[in-house]
Amino acid sequence: MKRILLLRGAELVVFAFLATIPLLVVNPYALGLLTLLAIYGILLIGLDVTVGYLGQVNLAHVAFLGLGAYAAGLVVTKLGLGMVPALLAATLVGLVLGGLLALPALRLEGPQFALATLSFAALSTTALNELEALTGGAQGLSLSRPPLFGHALTPPLFYWLCMVLLAVVWMLMRNLLASQWGRAFEALRDSPIATDAMGVGTYKHKVAAFALGSSLGGLAGGLYAFNFQYLQPQSFTYDLMIILLLGVVLGGRKSLWGAFVGATVIVLLPNLLSNRLLFQIFSGLGFAGALAAGVQGLVKKTTRPFQALAPVVAMGLLVVGGLFVENTEDWRKAIFALMLFSVVVGLPEGIMGFLALFLAKLFRVPHAPLPEPADLDTMLPIRPADGSALLVLADLKRYFGGVKAVDGLSMTVRAGTIHGLIGPNGSGKSTVVNVISGLYTPTAGTMQLRGATLPIGSLYSVAQAGVARTFQNLQLFGELTALENVLVALKGVYRNPLPMVLLGLARREERTAQAQALALLELIGLREQALVKAKDLTYGAQRFLEIARALARKPDLLILDEPAAGLAHPDVLQQIEFIQRIHQRGITIILIEHHMDVVSELCDTVTVLDGGRIIAEGTPDEVKRHPKVVEAYLGQPPQPELPGGAEPLPA
Amino acid sequence: MNAQIIGQMAVSGALMGLVYALIAYGFQLTFATSKSINFGQGELVMISAFFSLTLTNLGFPYWAMVPGGLLFGALMGLVVERAGVRLALEQKSEGWILLSIIIGLFFFSAAENIWGRDDRPFPTPISADPIHILGVDVTRLELSVAVGVFAIMGLIELFKRRTLLGKAFEAVSADRDAAELMGISSTRTVMLSYGLSGSVAALAGILVSPITTVGPTMASALILKAFSVAVVAGLDSGFGVVLVGMFLGALESLASFYLGSGWREAPGLILLILALALRPNGVFGKATIRKV
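Quick mapping for you: the protein sequence lines, in order, are chains A and B.
Residue numbers for the first sequence, in my numbering: 2 to 652.
Residue numbers for the second sequence, in my numbering: 163 to 454.
Below is the structure:
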């Protein structure tokens, strides 16, 4: 409770202070800057959704600012409508165009995504310039600020409007980003494959995140239009985009406060550059800060030499340059570049990331207490193990070019059993799992789950159908805590529609979800580490967490892909016990494993693959003695009639 | 008559397109070794062109200016690699996207202040008089672009196939970890690729400047099209970039003729977004199999 009070209190104080400023100060210049602060605040919160939460370099945000501005301007000048429709139109333009851009950009990651957004931005500048009949082209578009509900908007009133909108956006986004949606955005960044495999749907969330961020860009654009009352295509170019990125990165990603701090920096930048003394003070401070952090990092060996030294050099250039350059305004791009460089290299978490650590030490705010774990029997009822056919694979094939990775596999997995799938390296085990779970499309063959055809070629659809899996090479959401990893996958709890989530009315289901996730963490012995980031867990704990996360799908069929790979012996024993616990709940398991002792200990039935085909099937003891299995694992037995007899087996 | 204009437009467009192809080839070089590209490559083109212009103004003859410019480009490429790419690659993050944009911005600002904001002519001994070939007029200058592009691409491809260092380059491209295990330093190979890529960018600047003039913004349009070419062709096909570059050059030359010069950039951008949506690995690229 104390934590909530502190956080909400800080928000309330800042907004109350900002709201009273026009009553105290009558300086129109200062008011202009504050209005801009509110507008950029909304803009950066939108940009942070893609850059921070989705973790993609988005170079199109400035285009949505521009398109939103023109949409609002045209609604007022051409259609003669008022403020509210204009702002709605601006938001809608961002939402729709953002969604449209996200659709093709959907499959893209990293550089390709950045390129697609860059092209979109260039294309929209071209369009604004060339559609002269509509936009006035390079001549620009003049408009006047329409009244709101009959009141003429004087500068203080317009400022309040912007502030109110910022506060509303702030609240809605806070609720959304703390919900299952925000977690899904982050999960998407850390592992798109696992996000799909947990039935969350990368498709829906990526488009939603991008469209949402862009709609805020559009809204900010609408306000921008009414603030300046004059629009030109060349206001919305690459240069401004760089400054916006500077704002988000410097302020701190994944943080509303970060966006706010970033907006403050952006608004103050022009003043910083035009006032020489101010510039020297700030560059000096930056240099001192970089030096202090660099030396500390080097002494404590927490950073690499480059990471410690590069910001010092960059800020040093800034200080020295500031002494020699006649007009700092001429060098503004180089100054942005040096600042941004120092921040990206030396302070990747931004100002707020740094401050958050500092404040957390200062106030020692405890995390909000977690609920008691839910009752496992109600959330994951024990299923009857009737031995009926759960999964039936018939003549399954998957070829890669000429390589027949799986070549005509027929197999039945019975409900309530642990079905082992073993074979030498390259025998096709992983391919089978990837085909069942939807990562690969089968070349031929059929798959049925409880008599219904299993969807093919879509991790998401297969997960929805009731199959959950773990990954041989861990695919955890590293930046999320253990608890959040399980929450992302949790099935059957989140029912509230988006508007309820936005309004913060979904708290109760969040508590239920936490209780259920904790119960699963308790099952695999990680309850005490619920709030540790997945990437900071030990290797063994990460393997266990993968299983808890898959269990959160409450699956009919659980596929464990080498759950003991790389584990130390005590952890292997632990893992066996966890798998037995899960088995006792009646969940059917397919187990791919190399450790023969694990297989013998756990499996009811074992299928042995070699060269993409089944060479043996039966109980663990039967297959261990099967001559073909021995041959596949150990090579040809020595020919008894050979003279000399005892030649060593090939390794 | 009309057919002749179209032919003329297409040919000079395609020759311009070879410059896009050359810059795109520079992306491929670094992508092969490090899966990264320099988002500030356009600034490398521009700043190397300015440097070469200074060399010319200092009295260096053309044959001495060109290697000087290439060397400068290589050096700048190494700066980008050291300051912007290496750390991000070590951390296996995509921080290089932002960092290479930032370094490009710095180069841009430096060029603005050192050489001025105005566009300047780039003197060259190659004549701009048209020659009549197969019914279309081509200038020697335009032909020099084609010669330069094919010469450097040929040389680099030969280097990759015939020299030990080049084979190391190919080895790192094929499998970084395996190459490391065979004693090839992947860091040095990535440096080499950034140096080569910088030289390629410098040559693009030297070849195109006499036609377009030199200025801080000379490469901003160029680079977008080079991106389009690289992505549409795929980031691993040298043959593909030449074809796509010439096609795009011809297409936009026709687009600006029929739609107006403001729409010149549009076909490339639309082509890029379409290609990304339909074939993310490029028309000539290889599809990758997702592994988990």
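Glycine included, each C-beta is placed from N, C-alpha and C at the ideal position.
Keep in mind the model is a prediction, meaning the values are calculated, not measured.
- [ ] Specify the secondary structure class of serine 390 (chain B) as computed by DSSP and reduced to three states.
- [x] For this step, residue 390 (chain B) is matched to residue 228 along the second sequence. In this structure, serine 390 (chain B) counts as helix in the three-state DSSP scheme.
TODO: Look up histidine 152 (chain A) in the DSSP assignment and give the residues it is bridged to.
DONE: Here residue 152 (chain A) corresponds to residue number 151 of the first sequence, with the count starting at 1. Looking at the DSSP output, histidine 152 (chain A) sits in a beta bridge with A:Leu149.
Task: Neighbour list for valine 502 (chain A) in chain B, Cβ cutoff strictly below 9 Å - done: Here residue 502 (chain A) refers to the residue found at position 501 of the first sequence. Simply none; closest approach about 29 Å.
- [ ] Under 8 Å by Cβ, that's how I've got isoleucine 185 (chain B) and threonine 192 (chain B) pegged, so tell me the actual separation to the nearest angstrom.
- [x] The count along the second sequence starts at 1 and reaches residue 185 (chain B) at position 23. The count along the second sequence starts at 1 and reaches residue 192 (chain B) at position 30. Isoleucine 185 (chain B) to threonine 192 (chain B), Cβ: 12 Å. No contact.
Task: Separation of tyrosine 461 (chain A) from aspartate 197 (chain A), as counted between CA atoms - done: By one-based count along the first sequence, residue 197 (chain A) stands at place 196. By one-based count along the first sequence, residue 461 (chain A) stands at place 460. Distance between the alpha carbons of aspartate 197 (chain A) and tyrosine 461 (chain A): 5 Å.
Open item on the list: Is it buried or exposed, methionine 344 (chain B), if we count other Cβ atoms within 10 angstroms and call 16 or more buried?
Closed with: Start at 1 with the first residue of the second sequence, and residue 344 (chain B) comes out as number 182. The residue is exposed, with fewer than 16 neighbouring Cβ atoms inside 10 Å.
Open item on the list: Which complete alpha helix (DSSP H) runs does the region 175 to 245 of chain B hold, if anything under 4 residues is left out?
Closed with: The region 175 to 245 of chain B contains, as complete alpha helix (DSSP H) runs of 4+ residues, the segments 203 to 219 and 224 to 242 (chain order).
Open item on the list: Between which two residues does the beta strand (DSSP E) holding threonine 301 (chain B) run?
Closed with: Against the second sequence, residue 301 (chain B) aligns to sequence position 139. For threonine 301 (chain B), the enclosing beta strand (DSSP E) starts and ends at 298 to 301.
Task: Three-state secondary structure (DSSP) of leucine 506 (chain A) - done: On the first sequence, residue 506 (chain A) is found 505 positions in, with the first residue counted as 1. Note: leucine 506 (chain A) maps to coil in three-state DSSP.
TODO: From the DSSP output, in three-state form, read off proline 651 (chain A) for me.
DONE: As a first step, residue 651 (chain A) must be located in the first sequence, where it is residue number 650. At proline 651 (chain A) the pLDDT is 47, less than 50, meaning the model places this residue with poor confidence; the figure from the coordinates comes in the next sentence. If DSSP states are grouped into helix, strand and coil, proline 651 (chain A) belongs with coil.
Open item on the list: Alpha carbons only, please: which of A:Gly429, A:Val393 and A:Asn486 is nearest the one belonging to leucine 455 (chain A)?
Closed with: Taking the first residue of the first sequence as position 1, residue 455 (chain A) is located at position 454. Taking the Cα of leucine 455 (chain A) as reference, the smallest distance to any Cα among A:Gly429, A:Val393 and A:Asn486 is reached at A:Val393.
- [ ] Flag serine 271 (chain B) as yes if its beta-carbon sits less than 8 Å from any beta-carbon of chain A, otherwise no.
- [x] Here the question's residue 271 (chain B) lines up with position 109 in the second sequence. Residue-level contact by beta carbon holds for serine 271 (chain B) and chain A, with a gap shorter than 8 Å.
TODO: Flag proline 429 (chain B) as yes if its beta-carbon sits less than 8 Å from any beta-carbon of chain A, otherwise no.
DONE: Numbered from 1 along the second sequence, position 267 holds the residue referred to as residue 429 (chain B). Chain A contact via Cβ: absent.
Open item on the list: To be precise: take each residue of the region 318 to 335 of chain A, compare its Cβ to all Cβ atoms of chain B, and keep it if any distance is under 7 Å. Which residues remain?
Closed with: From the region 318 to 335 of chain A, only Asp331, Trp332, Lys334 and Ala335 have a Cβ closer than 7 Å to chain B.
TODO: May I have the straight-line CA-CA distance separating alanine 103 (chain A) from serine 275 (chain A), to the nearest angstrom?
DONE: The residue labelled residue 103 (chain A) in the question sits at position 102 within the first sequence. The residue labelled residue 275 (chain A) in the question sits at position 274 within the first sequence. One C-alpha to the other measures close to 39 Å.
Open item on the list: Quick check on DSSP: helix, strand or coil for glutamate 529 (chain A)?
Closed with: As a position in the first sequence, residue 529 (chain A) is number 528, starting the count at 1. DSSP places glutamate 529 (chain A) in helix when its eight states are reduced to three.
Open item on the list: Can you confirm whether the region 80 to 96 of chain A touches the region 218 to 226 of chain A when touching is taken to mean that 3 or more C-beta pairs between the two stretches lie within less than 8 Å?
Closed with: In short, these stretches touch, since the Cβ pair count reaches three.
Task: Contact under 8 Å by Cβ, glycine 188 (chain B) with serine 359 (chain B) - done: The residue given as residue 188 (chain B) occupies position 26 in the second sequence. The residue given as residue 359 (chain B) occupies position 197 in the second sequence. If you check the CB distance, glycine 188 (chain B) and serine 359 (chain B) come in under 8 Å.
Open item on the list: Going by beta-carbon coordinates alone, are glycine 421 (chain A) and valine 607 (chain A) separated by less than 8 Å?
Closed with: Here residue 421 (chain A) refers to the residue found at position 420 of the first sequence. Here residue 607 (chain A) refers to the residue found at position 606 of the first sequence. The answer is yes: Cβ separation under 8 Å.
Task: Where glutamate 327 (chain A) falls: helix, strand or coil (DSSP) - done: Start at 1 with the first residue of the first sequence, and residue 327 (chain A) comes out as number 326. In this structure, glutamate 327 (chain A) counts as coil in the three-state DSSP scheme.
Open item on the list: Between threonine 653 (chain A) and chain B, is the shortest Cβ-Cβ distance under 8 Å, so that the two count as touching?
Closed with: Absent from the model: residue 653 (chain A). The displayed extent of chain A is 2 to 652, so no value can be given.
Task: Which residues DSSP lists as bridging glutamate 618 (chain A), in chain order - done: Along the first sequence, one-based indexing puts residue 618 (chain A) at 617. According to DSSP, glutamate 618 (chain A) bridges with A:Thr608.
- [ ] Determine the burial state of tyrosine 661 (chain A): buried for a count of at least 16 other Cβ atoms within 10 Å of its Cβ, exposed for fewer.
- [x] For residue 661 (chain A) there is no data in the structure shown, the boundaries of chain A being 2 and 652.
Task: Touching by the beta-carbon criterion (3+ pairs, under 8 Å), the region 335 to 345 of chain A and the region 303 to 310 of chain A - done: At 8 Å Cβ cutoff, the stretches do not touch.
TODO: Indicate the three-state DSSP secondary structure (helix, strand or coil) for tyrosine 239 (chain A) in the structure shown.
DONE: The count along the first sequence starts at 1 and reaches residue 239 (chain A) at position 238. If DSSP states are grouped into helix, strand and coil, tyrosine 239 (chain A) belongs with the helices.
Task: Contacting positions in the region 557 to 579 of chain A - beta carbon closer than 7 Å to chain B - done: From the region 557 to 579 of chain A, no residue has a Cβ closer than 7 Å to chain B.
Task: Cβ of glycine 456 (chain B) within 8 Å of any chain A Cβ - done: Given a span of 163 to 454 for chain B in the structure shown, any question on residue 456 (chain B) remains unanswerable.
- [ ] Mark glutamate 327 (chain A) as exposed unless 16 or more other C-beta atoms lie within 10 angstroms of its C-beta, in which case mark it buried.
- [x] Translated into positions along the first sequence, residue 327 (chain A) becomes position 326. So glutamate 327 (chain A) counts as exposed.
Task: Per-residue DSSP class, three states only, for alanine 437 (chain B) - done: Mapped onto the second sequence, residue 437 (chain B) falls at position 275. Of the three classes helix, strand and coil, the one that applies to alanine 437 (chain B) here is helix, per DSSP.
- [ ] Determine, using beta-carbon pairs with one atom in the region 445 to 455 of chain A and one in the region 423 to 434 of chain A, whether at least three such pairs fall under 8 Å.
- [x] Using a C-beta cut-off of 8 Å, the region 445 to 455 of chain A makes no contact with the region 423 to 434 of chain A, since fewer than three inter-stretch Cβ pairs fall below that distance.
Open item on the list: Please return the same chain residues whose Cβ sits closer than 6 Å to the Cβ of alanine 445 (chain A), not counting the five positions on each side in sequence.
Closed with: The residue you call residue 445 (chain A) lines up with position 444 of the first sequence. Residues Lys398 of the same chain have their beta carbon placed closer than 6 Å to that of alanine 445 (chain A), with the five preceding and five following residues left out of the count.
Open item on the list: Using beta carbons (cut-off 8 Å, strictly below), is glycine 259 (chain A) in contact with chain B?
Closed with: Translated into positions along the first sequence, residue 259 (chain A) becomes position 258. The beta carbon of glycine 259 (chain A) does not come within 8 Å of any beta carbon belonging to chain B, so the residue lies off that interface.
Open item on the list: Just checking: is the beta-carbon of phenylalanine 409 (chain B) within a distance shorter than 8 Å of some beta-carbon in chain A?
Closed with: Translated into the one-based positions of the second sequence, residue 409 (chain B) becomes position 247. No, phenylalanine 409 (chain B) does not count as interfacial toward chain A.
Open item on the list: Here's the rule I'm using: 16 or more other beta-carbon atoms within 10 Å means buried, otherwise exposed. How should tyrosine 356 (chain B) be labelled?
Closed with: Along the second sequence, read from residue 1 onward, the residue named residue 356 (chain B) stands at position 194. Looking at its Cβ environment, which holds 16 or more other Cβ atoms inside 10 Å, tyrosine 356 (chain B) is buried.
Open item on the list: Tell me which residue opens and which closes the beta strand (DSSP E) that threonine 379 (chain B) is part of.
Closed with: What you label residue 379 (chain B) is simply residue 217 of the second sequence in a count that begins at 1. Neither: threonine 379 (chain B) is in no beta strand (DSSP E) and is coded neither H nor E.
- [ ] Measure the alpha-carbon distance for leucine 45 (chain A) versus valine 250 (chain A) and round it to whole angstroms.
- [x] Locating residue 45 (chain A) in the first sequence gives position 44, counting from the first residue. Locating residue 250 (chain A) in the first sequence gives position 249, counting from the first residue. Rounded to the nearest whole angstrom, the CA to CA distance from leucine 45 (chain A) to valine 250 (chain A) is 10 Å.
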